[in-house]
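Numbering (the numbering used here), first residue to last: 1 to 393.
Ideal Cβ placement from N, Cα and C applies to all residues, glycine included.
Note that the structure is predicted; figures quoted are calculated from it, not measured.
Accompanying notes for the structure given below.
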Ligand SMILES: Cc1ncc(COP(=O)(O)O)c(C=O)c1O
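Here's what the structure looks like:
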């Protein structure tokens, strides 16, 4: 309950709510088999390692990684996965003058690491513009791709809900000799994912946005690329050998997993994958699609134009993230009124300041759906929005 109202959770784009199966998998780890991984030989240590490595296999299956679990690196979150890409692959493969092409609708997690690489190496960071239709403007993509070594774009905008044509972009990038990385934080928990079919090169996402726990991210790349990436962090667990004169890094994904990893979180992620597979990602996608279509049409008709949706109206290639701009009312005020109704939305710039600037906005109030969202959630959202509009005249 919030303010004597049942919680209406519409902030799944920030973090999704884990189902009981995920919480139980984590509790089971701590209560029954807590031990470190890859080290002990006693039974619970083996079980712990088994859970951790099973999660790697589950996520490889979930995204259809061509060479399976050997291509899955566990990190802390999407942000760390993109930093791993920039600071390991980027630092080893890019040089001054090379271009990384991102887009104007990126989260800061897919902008700042590239600016940092620009400071370190002198690369150029170039932006694909976003059109007035809230979609990537690809009219000059061939020119934009000149000199580009890496395209790094989001599969779905966390502000607009726009779903980008990743497969097409992968084809164009490859035709120009560039690799393509995908910030998949907003899509993996909401629609089917197949990195083989997309023919992409890098994929970054977070467990906590796909019904899993916080503190665990995923980095995927093809085995042959991973094999040549230098380690990012050094320490225990990421080596084959260490002597007083040097070290030999481990082969495979553990090379990037220095120190004790998030073991209980991996057990939770494994359960989240089973849960989502049980629902069926096509069903999850269809469910959220229907919710989004319903919400957009009611927002369009019930507020006399006082509420503007910052994102495509067309629900084809669009996810369940609905950013609202209420005429004359700051997004924080909107969110505060909504809180009185128990409605959880996110006000602010959503870590996408270049995009906010593009649309001349300071903030939006963002409602976002998850697999557990219901049409009743939209009813309460609209009831609360009606009150906010009335309150602020
Ligand atoms: C598109 C996108 N990329 C990256 C991130 C960063 O995710 P995390 O905070 O889990 O690293 C987010 C988080 O909201 C996001 O929406």
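Report task. Give the range of the alpha helix (DSSP H) segment to which residue 169 is assigned. Result -> Reading the chain shown from its first residue, position 169 is the one you call residue 169. Run containing residue 169: 166-175, per the alpha helix (DSSP H) assignment.
Requested in this report: Answer yes or no: do residue 170 and residue 149 have a C-beta to C-beta separation smaller than 8 Å?
Outcome: Position 170 of the chain shown holds residue 170. Position 149 of the chain shown holds residue 149. Contact flag unset, no.
Query raised in the report: Can you tell me the Cα-Cα spacing of residue 200 and residue 56, whole angstroms?
Result: Here residue 200 refers to the residue found at position 200 when the chain shown is read from its first residue. Here residue 56 refers to the residue found at position 56 when the chain shown is read from its first residue. Their Cα atoms are separated by approximately 19 Å.
Query raised in the report: Which residues in the same chain as residue 99 place their Cβ atom closer than 6 Å to its Cβ, once the five residues preceding and following it in sequence are excluded?
Result: Working through the chain shown from its first residue, we reach residue 99 at position 99. Excluding sequence neighbours, residue 99 sits near 124, 126, 147, 148.
Query raised in the report: Does any heavy atom of ligand 3 sit closer than 7 Å to the C-beta of residue 186?
Result: With respect to ligand 3, the structure shown offers nothing to examine, as its ligands consist of ligand 1.
Query raised in the report: Per DSSP, residue 344 forms a beta bridge with which residues?
Result: Here residue 344 corresponds to residue number 344 of the chain shown, with the count starting at 1. Answer is 9.
Query raised in the report: Just reading off the alpha helix (DSSP H) that residue 89 is part of, what are its end residues?
Result: The residue given as residue 89 occupies position 89 in the chain shown. First-last for residue 89: undefined, no H or E at that position.
Report task. Please say whether residue 369 and residue 328 have beta carbons closer to each other than 8 Å? Result -> Residue mapping note: residue 328 aligns to position 328 of the chain shown, counting from 1. Residue mapping note: residue 369 aligns to position 369 of the chain shown, counting from 1. For residue 328 and residue 369, no; Cβs fall outside 8 Å.
Query raised in the report: Which one of 122, 204, 191 has the shortest CA to CA distance from residue 153?
Result: Indexing the chain shown from 1 puts residue 153 at position 153. Here the closest residue by C-alpha is 204.
Report task. For my contact list, residue 271 and residue 21 are in at a C-beta cut-off of 8 Å; report their separation, rounded to the angstrom. Result -> As a position in the chain shown, residue 271 is number 271, starting the count at 1. As a position in the chain shown, residue 21 is number 21, starting the count at 1. At roughly 5 Å, the Cβ-Cβ gap stays under 8 Å, so residue 271 and residue 21 are in contact.
Requested in this report: Determine the burial state of residue 217: buried for a count of at least 16 other Cβ atoms within 10 Å of its Cβ, exposed for fewer.
Outcome: To locate residue 217, count along the chain shown from 1; it is residue 217. So residue 217 ends up on the buried side.
Query raised in the report: Closest by CA to residue 246, which one among 234, 256, 254, 190?
Result: Your numbering for residue 246 matches position 246 in the chain shown. For residue 246, the nearest C-alpha among the options comes from 234.
Query raised in the report: Hey, is residue 77 close to ligand 1, as in C-beta under 7 Å from one of its heavy atoms?
Result: Numbered from 1 along the chain shown, position 77 holds the residue referred to as residue 77. Yes, Cβ of residue 77 sits closer than 7 Å to a heavy atom of ligand 1.
Query raised in the report: Just to confirm, are residue 232 and residue 220 a CB contact at a threshold of 8 Å?
Result: Taking the first residue of the chain shown as position 1, residue 232 is located at position 232. Taking the first residue of the chain shown as position 1, residue 220 is located at position 220. It is not a contact, given that the beta carbons lie outside the stated cut-off.
**Report entry** residue 294: first and last residue of the uninterrupted alpha helix (DSSP H) it sits in
**Finding:** As a first step, residue 294 is located in the chain shown; it is residue number 294 there, counting from the start. Start and end: 281-302.
Report task. May I have the straight-line CA-CA distance separating residue 239 from residue 253, to the nearest angstrom? Result -> For the purposes of this step, residue 239 is taken as residue 239 along the chain shown, with counting starting at 1. For the purposes of this step, residue 253 is taken as residue 253 along the chain shown, with counting starting at 1. Each residue's Cα considered, the two are about 11 Å apart.
**Report entry** Spatial distance of residue 292 from residue 315 (CA atoms)
**Finding:** Indexing the chain shown from 1 puts residue 292 at position 292. Indexing the chain shown from 1 puts residue 315 at position 315. Going from the Cα of residue 292 to the Cα of residue 315 covers about 7 Å.
Query raised in the report: Excluding the five sequence neighbours on either side, which residues of its own chain have a C-beta within less than 6 Å of the C-beta of residue 107, listed in chain order?
Result: As a first step, residue 107 must be located in the chain shown, where it is residue number 107. Excluding residues within five positions, the ones whose Cβ falls inside 6 Å are 158, 351, 352.
Query raised in the report: Going straight from the alpha carbon of residue 331 to that of residue 347, what length do you get?
Result: Numbered from its first residue, the chain shown carries residue 331 at position 331. Numbered from its first residue, the chain shown carries residue 347 at position 347. Their Cα atoms are separated by approximately 5 Å.
Query - Rounded separation between residue 303 and residue 386 - CA only - result: Translated into the one-based positions of the chain shown, residue 303 becomes position 303. Translated into the one-based positions of the chain shown, residue 386 becomes position 386. Distance between the alpha carbons of residue 303 and residue 386: 8 Å.
Query raised in the report: Is it the case that the CB of residue 11 approaches a heavy atom of ligand 1 more closely than 7 Å?
Result: Against the chain shown, residue 11 aligns to sequence position 11. Outside the cutoff, so no.
Report task. With DSSP as the reference, label residue 356 as helix, strand or coil. Result -> The count along the chain shown starts at 1 and reaches residue 356 at position 356. In this structure, residue 356 counts as helix in the three-state DSSP scheme.
Query raised in the report: Leaving out five residues before and five after residue 210 in sequence, what residues of the same chain have Cβ atoms less than 7 Å from its Cβ?
Result: Position 210 of the chain shown holds residue 210. So the qualifying residues of the chain are 16, 188, 189, 272, 276.
Requested in this report: Check whether the Cβ of residue 154 sits closer than 7 Å to any heavy atom of ligand 1, and report yes or no.
Outcome: As a first step, residue 154 is located in the chain shown; it is residue number 154 there, counting from the start. It does: the Cβ of residue 154 is within 7 Å (strictly closer) of some heavy atom of ligand 1.
**Report entry** Bounding residues of the alpha helix (DSSP H) (the contiguous stretch that carries residue 198)
**Finding:** On the chain shown, residue 198 is found 198 positions in, with the first residue counted as 1. Its alpha helix (DSSP H) spans residues 195-198.
Query raised in the report: When DSSP labels each residue in this structure, what does residue 124 get in the three-state scheme?
Result: Position 124 of the chain shown, counted from the start, is the residue given in the question as residue 124. Correct three-state label for residue 124: strand.
Report task. Please list, in chain order, all residues of the same chain as residue 334 whose beta carbon is under 6 Å from its beta carbon, the five residues on each side excluded. Result -> For the purposes of this step, residue 334 is identified with residue 334 of the chain shown, where counting begins at 1. Around residue 334: 326, 365, 388.
Query raised in the report: Below 8 Å between beta carbons: does that hold for residue 18 and residue 342?
Result: Translated into positions along the chain shown, residue 18 becomes position 18. Translated into positions along the chain shown, residue 342 becomes position 342. Cβ atoms of residue 18 and residue 342: not closer than 8 Å.
Query raised in the report: What is the DSSP secondary structure of residue 307, counted as helix, strand or coil?
Result: In the chain shown, the residue the question calls residue 307 occupies position 307. Note: residue 307 maps to strand in three-state DSSP.
Report task. State the start and end residues of the unbroken alpha helix (DSSP H) segment that holds residue 21. Result -> Reading the chain shown from its first residue, position 21 is the one you call residue 21. From DSSP, the alpha helix (DSSP H) with residue 21 extends over 20-32.
Query - Cutoff 6 Å; reference residue 244; Cβ partners in own chain excluding five residues on either side - result: The residue given as residue 244 occupies position 244 in the chain shown. Closer than 6 Å at Cβ, skipping near neighbours: no residue.
Query raised in the report: Quick one: is residue 52 buried, meaning 16 or more other Cβ sit within 10 Å of its Cβ, or exposed?
Result: Locating residue 52 in the chain shown gives position 52, where the first residue counts as 1. Residue 52 comes out buried.
Report task. Answer yes or no: do residue 215 and residue 236 have a C-beta to C-beta separation smaller than 8 Å? Result -> Translated into the one-based positions of the chain shown, residue 215 becomes position 215. Translated into the one-based positions of the chain shown, residue 236 becomes position 236. For residue 215 and residue 236, no; Cβs fall outside 8 Å.
**Report entry** DSSP three-state assignment for residue 386, whether helix, strand or coil
**Finding:** Translated into positions along the chain shown, residue 386 becomes position 386. Reduced to three states, the DSSP call for residue 386 is helix.
Query raised in the report: Going along the chain, which residues of its own chain have a beta-carbon closer than 7 Å to the beta-carbon of residue 257, five neighbours each way excluded?
Result: Counting from one through the chain shown, the residue named residue 257 turns up at place 257. Cβ neighbours of residue 257 beyond the five flanking positions: 73, 74, 237, 238.
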